[in-house]
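Asks:
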Amino acid sequence: MLLDQKPPGVTAMGRGTTWSPRRRRRGFCIDIMVALAAAIALTVLYVNVVTWAQQPTLVPWALPPIPVGSIVPSGWMLGEMETMAQGLAGHEHDFYLYVNESRWLQPAGTGGYDYSRLNEALPYWFNGLVPLAYLLDDDRLKAQVHSVATTVLDLQTEDGWLGPEVPSERNFWARAPFFLGLIQLAEANSTWKGPIVGALHSFNTLANSMLHNSSQGHRICPPDFECYWGQTRVHDLMISIQWLIDNQETGDSMESTLVENMQMFYDQSDYKWDKWYQEGTYLKIVDDPTTTNPLYPYLHGVNVGQGLKASAVVRRFSHDDSLIAASLRAVEWTMIYHGAPSGTILGDEIEQDLSPFMGSELCTAVETAYSLAYLYHAIGDNSYADHAEVVIFNALPVMLTGDMWAHQYLTQPNGPWAAINNEDYNHPDGPFLFTTAHSGRATTFGMEPQYPCCTVNHPQGYPKFVTHSWGYVGTNGLAHLLLGPSKVSTPIATVECDTAYPFDLTLRYTITSLESFDFYVRVPSWYINDNSDITIDGRTSRLSADPGNGLHKITISAGTTEVTYNLGAIVREESRTNGTVAVFYGNLLYALDVGSVNSSSYPHAFNDARGAGFDDLPFPQVRDYYFNNTKPWNVAIDPRTLEYHGMQPGVPLPKPVFEYGGPPNYITVQGCEIAWDLHLGATPGPAPAPANRTCLSPKSTFRLIPYGSAKVHMSEIPTIYF
Ligand SMILES: *[C@@H]1O[C@H](CO)[C@@H](O)[C@H](O)[C@H]1NC(C)=O
Ligand SMILES: *[C@@H]1O[C@H](CO)[C@@H](O)[C@H](O)[C@H]1NC(C)=O
Ligand SMILES: *[C@@H]1O[C@H](CO)[C@@H](O)[C@H](O)[C@H]1NC(C)=O
Ligand SMILES: *[C@@H]1O[C@H](CO)[C@@H](O)[C@H](O)[C@H]1NC(C)=O
Ligand SMILES: *[C@@H]1O[C@H](CO)[C@@H](O)[C@H](O)[C@H]1NC(C)=O
Ligand SMILES: *[C@@H]1O[C@H](CO)[C@@H](O)[C@H](O)[C@H]1NC(C)=O
Ligand SMILES: *[C@@H]1O[C@H](CO)[C@@H](O)[C@H](O)[C@H]1NC(C)=O
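For the sequence shown, position 302 (counting from the first letter as 1) is numbered 1646 according to our numbering, and the numbering increases by one without interruption.
1) Out of curiosity, what's the CA-to-CA distance linking Leu1639 and Ser1613?
2) Is the beta carbon of Asn1801 sitting closer than 8 Å to the one on Val1941?
3) With H, G and I counted as helix, E and B as strand and the rest as coil, what does DSSP make of Cys1841?
4) Can you find at least 3 beta carbon pairs, one from the stretch 1413 to 1420 and one from the stretch 1471 to 1481, that sit closer than 8 Å?
5) Looking at the unbroken beta strand (DSSP E) that takes in Glu1792, where does it start and where does it end?
6) Is there contact between the stretch 1673 to 1680 and the stretch 1641 to 1654, where contact requires at least three CB pairs shorter than 8 Å?
7) In or out: Tyr2051 buried (at least 16 other Cβ within 10 Å) or exposed?
8) Okay, do the stretch 1729 to 1744 and the stretch 2032 to 2047 touch, 3+ Cβ pairs below 8 Å being the bar?
9) In the DSSP assignment, the beta strand (DSSP E) including Lys1831 goes from what residue to what residue?
10) Does the beta carbon of Gln1430 sit closer than 8 Å to a beta carbon anywhere in chain C?
11) Is Val1474 helix, strand or coil when you go by DSSP?
12) Give the secondary structure of Arg1883 by DSSP, where H, G and I count as helix, E and B as strand, and everything else as coil.
13) What's the gap between the Cα of Thr1594 and the Cα of Leu1497?
14) Can you tell me where the beta strand (DSSP E) with Arg1984 in it begins and where it stops?
15) Out of Arg1484, Ile1736 and Pro1411, state which residue places its alpha-carbon closest to the alpha-carbon of Glu1436.
16) Would you identify the three-state DSSP class for Met1421, choosing helix, strand or coil?
17) How would the residue list near ligand 4 read, in chain order, if you kept each one whose beta-carbon is closer than 5 Å to any heavy atom?
18) Below 8 Å, how does it come out for the stretch 1887 to 1900 and the stretch 1847 to 1862: are there three or more Cβ pairs, yes or no?
19) Excluding sequence positions up to five away, which residues of its chain have a Cβ less than 6 Å from the Cβ of Ala1530?
20) Pairing CB atoms from the stretch 1426 to 1434 with CB atoms from the stretch 1444 to 1454, are three or more of them under 8 Å?
21) Could you say which of Trp1573, Met1606 and Glu1599 lies nearest to Met1582 if we only look at CA atoms?
22) Confirm, please, whether the CB-CB distance from His1579 to Val1646 is below 8 Å.
23) Return the residue from the list Ile1694, Val1995, Pro2007 and Val2056 that minimises the CA-CA distance to Gln1752.
24) Please indicate yes or no: does the CB of Asn1972 lie closer than 7 Å to some heavy atom of ligand 5?
25) When the Cα atoms are used, what is the spatial distance from Ala1786 to Tyr1769?
26) Evaluate Tyr1468 with the Cβ neighbour count: other Cβ atoms within 10 Å of its Cβ, from every protein chain shown; 16 or more gives buried, anything less gives exposed.
27) Would you report the Cα separation of Leu2022 and Asp1937, rounded to the nearest angstrom?
28) If you measure from each residue's Cβ to the nearest non-hydrogen atom of ligand 3, which ones come out under 6 Å, in chain order?
29) Let me know the secondary structure DSSP gives Phe1701 once reduced to three states.
30) What whole-angstrom Cβ distance do Ala1732 and Phe1809 have, given they're in contact under 8 Å?
31) Give me whichever residues DSSP pairs with Gly1683 in a beta bridge.
32) Could you tell me which whole alpha helix (DSSP H) segments of length 4 or greater appear in the stretch 1606 to 1693?
33) Does DSSP put Val1496 in a helix, a strand or coil?
34) List the residues that DSSP assigns as beta-bridge partners of Leu1744.
35) Strictly closer than 6 Å from CB to any heavy atom of ligand 7: give me those residues in the order they appear in the chain.
36) Cutting at 7 Å between CB atoms, please list the residues of its own chain near Gly1360, excluding the five before and the five after it.
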């Protein structure tokens, strides 16, 4: 479409330049001059065009994104992503059969591995590894994603299908994460753009005929195949279609095919998230949390995480602004009725209620974070950005061991141990702790505890946060949207943000630009105005953020500028159920430190949880881990005594930072042990009623630590007033 949403310079840059980090560092000055000249020319064109243009095909982004590769992590986030590259995520292509011998890497119907007929393992991996490889400029991982992309594109059939299904088995779902990987690759490396655009065009031509042919592969699926996965998640497929339109990679006839595809995908779906989030339809409490509930597709935690952004995606082509309210409702209701303090969604398979022992999948955390980052760019409401940070700083790291060789399938707000639960395994008819997790290993850490989906889906978490962490504002503005250490290079300016945020609340920017421009920093909703300020080349001023998008604007002159941004905060308590609180400082959640002791074993296949485990994997680091607490978990606290202890100046953060004992910050509080029953003899039940909280131990000082480092933890803590 016609330059509807990107600053002119971006379009000029995006077309003619290789977006690799290496090229950018060398060629930046030349690039920027070319870009600026083009920008001036295009601004004239832009002004002319908008005066006569029809409504753009897609509603513009509120905060247009910046191409993958233009933002790179630094500081602790670089440390986390390097650890991920050196851990399980970065070695799956070396040994994990669902990746290295995926069905996607063979001609359709000729073999290969996957864990289900959804054929989603390689697509999930690809969606996370492309940005991980490019943001780290890691040649080993780039070679892996290039090899997979080459193989899959080479195997595209005459009629345009991409993927391992023979014609009678075709269905759309697993295309969605694979195509998200492809569009990230095309942005990160212009060599790939042509082949990827070509492949997506022929695929969409085929999709158009399938949708016209009684919705083959979408509403009509192969026999015994659950079509609802694709339908509830079809907006993720629409994102790759919208990318083609945003990047003007279409002719007129292709564009009308693409728009028609999006409309048909929406119209032909039995599951429409904007209809779900309506009073009277939406389920605040789920009485039948089983997979036979006809509403299951709307209740599955991962679907909900993905679906949070659905209405905002549909709005881009439908131009129906009522979908903004639907998007806000989706997030608000999900968090009120099914939210965890760590920002993720409670629903071990299926949402139920707010019980503090409810499980939440690692896949749900990364999908929720991506949806929130997408929503902030699409709609620009500050609440999405704070929420995205909460998920990435808490819900994601708590489910990964510090070295990221092992992960959890389910976490719980109150989970003081991560152990084998023999009860679940031995009683196939229930009662179960979780709705589906009957291997008894759902909360242990490992290679593929309970199910392999999160093994392959978790790597997208940090990289997508980083690629969404900056954005444009108007035609001459650049904004730091999701806070944390990173560097961004754009035609407008290059900016380095040096910070330990969220462990410390000072952000230092070094900005280089050839022209004056508008620089924006996001102001989190919890900031304390009196203790916050921003200093530009020695001049300090107070913050005044836009009440909608939360951005504080400053004008930066040409040249090099230093900006120091200080956020003030106080300890916050959020009320949880049954007289408990969750404790925050900034966007870090703090959990009761229950100590940590572990043992480990060979890693188990998800479908052989009680076997001996694999003793022949090429990486001895791949193991399953079991954790217990070493300190009391049954503690009530007096919130009036909460006291924050921040970082010592000059002491660097450890790498990796989210190891038990890693982050230097902590909170102290007075409390005592109370009587507290287990649920099903396995895990802490609801907190005892306030009237029944009497101290079993003398009052003493307890420590709360950043939740992401507390692999076993209590985060919904009962209150008691001494
Ligand atoms: C871009 O992709 C091509 C083809 O795979 C590869 O040869 C080249 O090294 C890549 N560029 C960068 C900067 O990674
Ligand atoms: C995939 O990894 C396994 C080890 O788990 C190895 O035996 C096999 O040769 C690998 N396959 C390929 C195609 O590299
Ligand atoms: C429509 O789909 C059916 C079932 O897959 C297939 O047999 C038929 O050839 C398709 N028709 C067209 C015109 O593509
Ligand atoms: C609150 O406690 C009561 C009594 O133990 C329990 O029935 C209820 O499920 C609890 N609520 C939640 C949301 O856990
Ligand atoms: C945790 O405690 C249980 C029960 O006491 C015990 O069987 C298990 O071995 C312990 N695991 C670890 C890792 O300490
Ligand atoms: C297990 O415990 C040992 C000893 O305390 C520790 O060094 C190691 O980091 C722990 N492993 C994990 C995965 O937490
Ligand atoms: C307090 O505990 C007693 C004894 O267990 C129980 O009978 C009573 O119902 C509890 N009170 C509340 C408010 O839960």
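Yeah, the Cβ is synthetic: ideal placement off N, Cα and C, and Gly gets one too.
Replies: On the basis of the supplied data:
1) The alpha-carbon atoms of Leu1639 and Ser1613 are separated by roughly 14 Å.
2) Cβ atoms of Asn1801 and Val1941: not closer than 8 Å.
3) DSSP places Cys1841 in strand when its eight states are reduced to three.
4) Using a Cβ-Cβ distance cut-off of 8 Å, the stretch 1413 to 1420 and the stretch 1471 to 1481 are in contact, since at least three pairs of beta carbons, one from each stretch, lie closer than that value.
5) Counting along the chain, Glu1792 sits inside no beta strand (DSSP E), nor does DSSP assign it H or E at all.
6) The stretch 1673 to 1680 makes contact with the stretch 1641 to 1654: 3 or more CB pairs, one atom from each, lie closer than 8 Å.
7) So Tyr2051 counts as buried.
8) Proximity of the stretch 1729 to 1744 to the stretch 2032 to 2047 falls short of the contact definition, fewer than three beta-carbon pairs being nearer than 8 Å.
9) In this chain, the beta strand (DSSP E) harbouring Lys1831 covers Ser1830 to Ser1833.
10) Here there is only one protein chain, and chain C is not present.
11) Reduced to three states, the DSSP call for Val1474 is helix.
12) Strand at Arg1883.
13) Roughly 19 Å separates the two Cα atoms.
14) Val1979 to His1989 is the extent of the beta strand (DSSP E) around Arg1984.
15) Comparing Cα-Cα distances from Glu1436 to each of Arg1484, Ile1736 and Pro1411, the minimum goes to Arg1484.
16) Looking at Met1421 - three-state DSSP - the assignment turns out to be helix.
17) Per the Cβ criterion, the list is Leu1698, Ser1699, Thr1921, Asn1922 and Pro2030.
18) Segments in contact, yes.
19) Shown here for Ala1530: same chain residues with a beta carbon closer than 6 Å to its own, the five before and five after excluded, namely Trp1536, Lys1537 and Ile1540 in chain order.
20) Put simply, the stretch 1426 to 1434 does not touch the stretch 1444 to 1454. Fewer than three CB pairs are less than 8 Å apart.
21) Closest in C-alpha terms to Met1582, from the list Trp1573, Met1606 and Glu1599, comes Met1606.
22) For the 8 Å CB-CB criterion, Val1646 and His1579 do not form a contact.
23) Out of Ile1694, Val1995, Pro2007 and Val2056, Val2056 has the C-alpha closest to the C-alpha of Gln1752.
24) Yes, since a heavy atom of ligand 5 falls inside the 7 Å radius drawn around the Cβ of Asn1972.
25) Distance between the alpha carbons of Ala1786 and Tyr1769 is about 11 Å.
26) Per the 10 Å Cβ criterion, buried.
27) Between the alpha carbons of Leu2022 and Asp1937 lies a gap of roughly 19 Å.
28) Spelled out in chain order, the answer is Ser1553, Asn1557 and Gln1560.
29) In the three-state DSSP reduction, Phe1701 falls in the coil class, being neither helix nor strand.
30) Indeed, because the Cβ distance is near 7 Å, the residues count as touching under 8 Å.
31) DSSP output for Gly1683 lists Ile1689 as bridge partner(s).
32) Runs of the alpha helix (DSSP H) inside the stretch 1606 to 1693: 1617 to 1620, 1640 to 1643, 1645 to 1651, 1654 to 1662 and 1666 to 1682.
33) In the structure shown, Val1496 falls within a helical segment according to DSSP collapsed to helix, strand and coil.
34) Bridge partners of Leu1744: His1751.
35) Counting every residue whose Cβ lies closer than 6 Å to a heavy atom of ligand 7, we get Ala2033, Ala2035 and Asn2036.
36) With a pLDDT of only 26 at Gly1360, under the threshold of 50, the placement of this residue in the model should not be trusted, and no figure is reported.
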